[in-house]
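Beneath this line is the structure, given in structure tokens, with notes to follow.
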């Protein structure tokens, strides 16, 4: 079985195809890259995942924080219903929720793939798809549930990637 490091070059080649220098978006944590598309953050992770058979397999995980879950019960319920209904329509991405260290809950858009058989082109497509939906949902849900309106970014369907330091 290949080591995780053996997949780094393929991931970085896919990132490069998106017009981003993968060396610049590497983080200080091994097998992690940070990118942005408009106001959407995309975190790319290469890790081992455990299957239902308790076997370890290398995985590509792409996550994007979308919106802070509102404290008001009605707004919270509206958001939960919206993401559950939307999950049903998505193909490879899905919504999840987690409590951050600061104590607030955040909705994430994520996708996970077993990377062993993925080509560079498939990884590029997965990154592009995840970032496209992350941009759309970030703009829509932050406006609706947090009052943050980024009209300029929301109107650009295919906003190019940018780096954290731009």
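In my numbering, the protein residues as written are 1 to 166.
By construction, the Cβ of each residue, glycine as well, lies at the ideal position given by its N, Cα and C atoms.
Asked, Found
"Stretch-stretch touch, CB-based, cutoff 8 Å, three pairs: the region 29-47 with the region 129-145", "yes"
"Nearest-angstrom Cβ-Cβ length linking residue 108 and residue 66, presumed shorter than 8 Å", "6 Å"
"Cβ neighbour criterion (16 or more within 10 Å) applied to residue 52", "exposed"
"Neighbourhood of residue 26 by C-beta distance below 8 Å, restricted to the same chain and skipping five residues each side", "32, 33"
"Proximity below 9 Å, CB of residue 96 to CB of residue 61", "no"
"Touching by the beta-carbon criterion (3+ pairs, under 8 Å), the region 112-128 and the region 97-104", "no"
"Contact set for residue 164: own chain, Cβ-Cβ below 6 Å, skip 5 residues either direction", "Residue placement at residue 164 is poorly supported in this model, since its pLDDT is 39, which falls under 50; the coordinates are not used for a value here."
"Between the CA atoms of residue 86 and residue 7 - distance to the nearest angstrom", "31 Å"
"Straight-line Cα distance separating residue 143 from residue 125", "27 Å"
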